[in-house]
Every structure is written in C-alpha cells, then in structure tokens.
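A.B. asks: The sequence shown runs 4 to 132 under my numbering. Every residue, glycine too, gets a C-beta built ideally from N, C-alpha and C. Below is a structure I'd like to ask you about.
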Amino acid sequence: MLPFLVNLQLGEPIYEQIVRAVKKAIATGQLQPGQQMPSVRVISRELGVNPNTVQKAISRLTDEGVLASHPGQGSFVADRRPSLRSQQLKALQPLIEQLLIEAAHHGLNEAALIELIQKQSQQIHGNDH
C-alpha cells in the first residue's frame, strides 16, 4: 500500500501530484531516508495510472535529489546531505516569492501569512516542530 494517492479528477497533471505526494510523505515521515520506493509498475498499478506518468515523476524526483536511483536495485529516498542544503534553499526561493505575491494579492500581511504557515506545518509535521 502506497503512503499517498492521486486525484485523477484534478486539473493538476498526475505526475506533479505524484511528485508532491512523495515529497509530503517524506516530510511527514511516511517515507524515510534510505527506504526503497515501490517499482514504477507497482506504483502505476496501485494508483491506476500509466507507467510512463509514474516514471516521469520518479525521474523528476531523482533530478531534484529527493530520490536516489541505484541501477538494478530501484529508487530510494535520498539521505539529506548538508551540502545540498544551499541548493535546496535556492530551489525554494521562487516558491516563496510566488507565495508572497499570492498572499499580498489576497490582502494577507506578513503576520497572517506566518500564522498560516505555522498551522500548515503543524498539520504536516505534528507537534514535533
């Protein structure tokens, strides 16, 4: 059983839903560093989606350093290395900018945005943060 699902009815591409769902499963501890991912075939069958769609998501996650591919063994949740931290933070900057723009568009000030982020973080991480 996979620790994530996709919604075939959403307008968001399925491979992007898979990418987001895997990242969330890692963030919430449902997937641990070093844990082997199910095969593309297994994920495809359990989600009811095309194997090419799953492969696209796995490739993207591998390119982003979220997963590590070991030929002949499969894909594994990557260990978080401190040397990658600056690259990861740099990758988040456009998302943060987009969030700030959207918040301003909806009339949210910085304090309200921080409160929303903290609430969402508690939902994802529980009380350990």
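What whole-angstrom Cβ distance do residue 28 and residue 54 have, given they're in contact under 8 Å?
C.D. replies: Their Cβ separation, rounded to whole angstroms, is 20 Å, which puts residue 28 and residue 54 out of contact at 8 Å.
A.B. asks: Nearest by alpha-carbon distance to residue 37: which of 72, 107, 16, 122 is it?
C.D. replies: Put simply, of 72, 107, 16, 122 the residue whose alpha carbon is nearest the alpha carbon of residue 37 is 72.
A.B. asks: Counting along the chain, where does the beta strand (DSSP E) carrying residue 47 start and finish?
C.D. replies: Taken as a continuous stretch (DSSP letters only), residue 47 belongs to no beta strand (DSSP E), being part of the alpha helix (DSSP H) at 43-50.
A.B. asks: Please identify the residue among 18, 34, 13, 114 whose C-alpha is closest to the C-alpha of residue 47.
C.D. replies: Looking at the Cα atoms, 18 is the closest of the given residues.
A.B. asks: Out of 81, 57, 75, 74, state which residue places its alpha-carbon closest to the alpha-carbon of residue 67.
C.D. replies: 81
A.B. asks: Decide if residue 60 is buried, meaning its Cβ has at least 16 other Cβ atoms within 10 Å, or exposed.
C.D. replies: buried
A.B. asks: Which residue's Cα is closest to the Cα of residue 70: 11, 4, 114, 41?
C.D. replies: 41
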